[in-house]
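2 protein chains.
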Amino acid sequence: MKTFSISEVAKELDLTVYTLRYYDKEGLMPFVERTPSGTRLFKETDIGALKIVECLKASGMPIKEIKNFIDWCSDGDSTLQQRYDMFVERKATVEAQMEELKKTMEIIEHKCFYYKTALEAGTEDIHKNNKIGSFD
Amino acid sequence: MKTFSISEVAKELDLTVYTLRYYDKEGLMPFVERTPSGTRLFKETDIGALKIVECLKASGMPIKEIKNFIDWCSDGDSTLQQRYDMFVERKATVEAQMEELKKTMEIIEHKCFYYKTALEAGTEDIHKNNKIGSFD
DNA sequence: GTTATACCTCGAGCCCACTCTAGGTTTCGG
DNA sequence: CCGAAACCTAGAGTGGGCTCGAGGTATAAC
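As given, the protein sequences belong to chains B and P, one line each in that order.
Counting in full-length UniProt numbering, the first sequence runs from 1 upward without gaps.
Counting in full-length UniProt numbering, the second sequence runs from 1 upward without gaps.
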């Protein structure tokens, strides 16, 4: 079976080898096998698992909670409920983040417009004259 | 003109007074006036400006870059172009974050389904039997 | 076979964004 | 006018997530 070195995996996932070893230290990859001399050998499935780790990270989950999930995976079917619940909760937090980001975007787009018109006028004052104290 | 104390502003923006004082220390609120004895007096417009700071923070901008923006604001119309460019660039990064979050969401939804069916079956094995090594 | 490169661990260091403590002053209700 | 609560500064401490240096072993290319 084909295996991959830590630097190959780092390149694939756009991480550094430092980061991968740090994840290992934090218990996020207990499944990765080693050569007799200690060199890590990553399988395709390991890379798949790390992609889930990255996904959870991208959802804003801290390393320690991701570790809980990994531990549950190691514990087998008895933890299926926890893992399901976790993903359902993640879904909710990501939805909230999307909402938040949408609001942020609206303000930023408004500011793009604000500065475009100000640039055209050569001064910000055109906005100040319209609505006093709006910080528009 | 009505003014607000630091704790009122903290409550309004859902921040701590510590955080607000930290922002001040970092130069994010050079516009906030003081009483002769040094107590900060926030105006409505100051709160508006802080909302923009929060917006930039929510867009992932680090404090130091937000400070640049605040400095540009103090410098007046000569920095209109920089500020416009900054918001256009912010727009792009927020768009990228939205894309990223969408991908994250897809994986999470897939996992919700994965665990829902596994729970119904009582074991994760039903997935393992379908696609070997997919970490689905 | 040797030399360069990649791998390893352990622990220290770094950066960011707060968060809090100590020690002090001010303001405000009764 | 007094005591509680809110304000202030300077600087130390915290937690998360890396990032790196030192010192050493292993493997691969020539």
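Every residue, glycine too, gets a C-beta built ideally from N, C-alpha and C.
None of the values given here were measured: they were computed from a predicted structure.
Quick one: which residues of the stretch 75–91 of chain B get their C-beta closer than 9 Å to a C-beta of chain P? List them in chain order.
Gly-76, Asp-77, Leu-80, Gln-81, Arg-83, Tyr-84, Asp-85, Met-86, Phe-87, Val-88, Arg-90 and Lys-91
Burial state of Ser-74 (chain B), where buried means 16 or more other Cβ atoms lie within 10 Å
Within the first sequence, numbered from 1, the residue matching residue 74 (chain B) stands at position 74. Exposed, by the Cβ-count rule.
Can you name the residues of chain B whose CB is closer than 8 Å to the CB of Glu-124 (chain P)?
Counting from 1 along the second sequence, the entry for residue 124 (chain P) is found at position 124. Neighbours of Glu-124 (chain P) on chain B, chain order: Gly-76, Asp-77 and Leu-80.
Which residues, taken in chain order from the stretch 97–121 of chain B, show a beta carbon closer than 7 Å to some beta carbon of chain P?
Gln-97, Met-98, Glu-100, Leu-101, Thr-104, Met-105, Ile-107, Ile-108, Glu-109, Lys-111, Cys-112, Tyr-115, Lys-116, Ala-118 and Leu-119
At a CB-CB cut-off below 8 Å, which residues of chain P make contact with Val-94 (chain B)?
Position 94 of the first sequence, counted from the start, is the residue given in the question as residue 94 (chain B). The contacting residues are Leu-101, Thr-104, Met-105 and Ile-108.
Sequence ranges, alpha helix (DSSP H) only - wholly within the stretch 90–135 of chain B, length at least 4
Scanning the stretch 90–135 of chain B from its first residue to its last, the whole alpha helix (DSSP H) runs of 4-plus residues come out as 125–130.
Excluding the 5 residues flanking Ile-66 (chain P) on each side, which residues of the same chain have their C-beta closer than 8 Å to its C-beta?
Within the second sequence, the letter at position 66 stands for residue 66 (chain P). Only Leu-28, Val-53, Leu-56 and Lys-57 meet the Cβ criterion.
At what residue ranges does the UniProt domain "HTH merR-type" (3–72) of chain P contain a whole run of the alpha helix (DSSP H), taking only runs of 4 or more?
Runs of the alpha helix (DSSP H) inside the UniProt domain "HTH merR-type" (3–72) of chain P: 6–13, 17–25 and 44–58.
Nearest by alpha-carbon distance to Lys-111 (chain P): which of B:Gln-81, B:Ser-5 and B:Lys-64 is it?
Taking the second sequence and counting its residues from 1, one reaches residue 111 (chain P) at position 111. Of B:Gln-81, B:Ser-5 and B:Lys-64, the residue nearest in Cα terms is B:Gln-81.
With H, G and I counted as helix, E and B as strand and the rest as coil, what does DSSP make of Met-1 (chain B)?
For this step, residue 1 (chain B) is matched to residue 1 along the first sequence. It is coil, neither helix nor strand.
What does the alpha-carbon distance come out to for the pair Glu-33 (chain P) and Met-86 (chain P)?
If you number the second sequence from 1, residue 33 (chain P) lands on position 33. If you number the second sequence from 1, residue 86 (chain P) lands on position 86. If you take the alpha carbons of Glu-33 (chain P) and Met-86 (chain P), they lie about 27 Å apart.
For chain P, find out if any of its Cβ atoms is closer than 8 Å to the Cβ of Ser-5 (chain B); answer yes or no.
Here residue 5 (chain B) corresponds to residue number 5 of the first sequence, with the count starting at 1. Not an interface residue.
In angstroms with no decimal places, state the Cα-to-Cα distance between Ser-5 (chain B) and Pro-36 (chain B).
By 1-based counting over the first sequence, the position of residue 5 (chain B) is 5. By 1-based counting over the first sequence, the position of residue 36 (chain B) is 36. About 14 Å.
Flag Pro-36 (chain P) as yes if its beta-carbon sits less than 8 Å from any beta-carbon of chain B, otherwise no.
Start at 1 with the first residue of the second sequence, and residue 36 (chain P) comes out as number 36. Output row for Pro-36 (chain P): interface = no.
For Met-1 (chain B), count neighbouring Cβ atoms within 10 angstroms of its own Cβ and tell me buried if that reaches 16, exposed if not.
Here residue 1 (chain B) refers to the residue found at position 1 of the first sequence. When all chains shown are included, Met-1 (chain B) counts as exposed.
Answer yes or no: does any C-beta atom of chain P fall closer than 8 Å to that of Ala-10 (chain B)?
Along the first sequence, read from residue 1 onward, the residue named residue 10 (chain B) stands at position 10. Chain P contact via Cβ: absent.
Sequence-distant residues of its chain with Cβ nearer than 8 Å to Ser-78 (chain P) (five each side left out):
Counting from one through the second sequence, the residue named residue 78 (chain P) turns up at place 78. Closer than 8 Å at the Cβ level, and outside the excluded window around Ser-78 (chain P), lies no residue.
Contact between the stretch 93–104 of chain B and the stretch 119–127 of chain B: three or more CB pairs below 8 Å?
no
When we look at the beta-carbon of Tyr-18 (chain P) and count the other beta-carbons within 10 Å, is it buried (16 or more) or exposed?
Taking the second sequence and counting its residues from 1, the one referred to as residue 18 (chain P) is at position 18. Label assigned to Tyr-18 (chain P): exposed.
Just how far apart, CA to CA, sit Val-94 (chain B) and Leu-15 (chain B)?
In the first sequence, counting from the first residue as 1, residue 94 (chain B) sits at position 94. In the first sequence, counting from the first residue as 1, residue 15 (chain B) sits at position 15. C-alpha separation (whole angstroms): 22 Å.
Residue nearest to Lys-64 (chain B) in terms of C-alpha spacing, selected from B:Tyr-114, B:Thr-3, B:Tyr-22 and B:Lys-116
Position 64 of the first sequence, counted from the start, is the residue given in the question as residue 64 (chain B). Closest option to Lys-64 (chain B), Cα to Cα, is B:Tyr-22.
List the whole-angstrom C-beta distance separating Ile-70 (chain B) from Arg-90 (chain P), where the pair is believed to meet the contact cut-off of C-beta under 8 Å.
As a position in the first sequence, residue 70 (chain B) is number 70, starting the count at 1. As a position in the second sequence, residue 90 (chain P) is number 90, starting the count at 1. Going by Cβ atoms, the distance from Ile-70 (chain B) to Arg-90 (chain P) rounds to 35 Å, so no, they are not a contact pair.
Euclidean distance between Cα positions of Leu-41 (chain P) and Ile-47 (chain P)
As a working note, residue 41 (chain P) is residue 41 in the second sequence. As a working note, residue 47 (chain P) is residue 47 in the second sequence. Between Leu-41 (chain P) and Ile-47 (chain P), the alpha-carbon positions lie close to 11 Å from each other.
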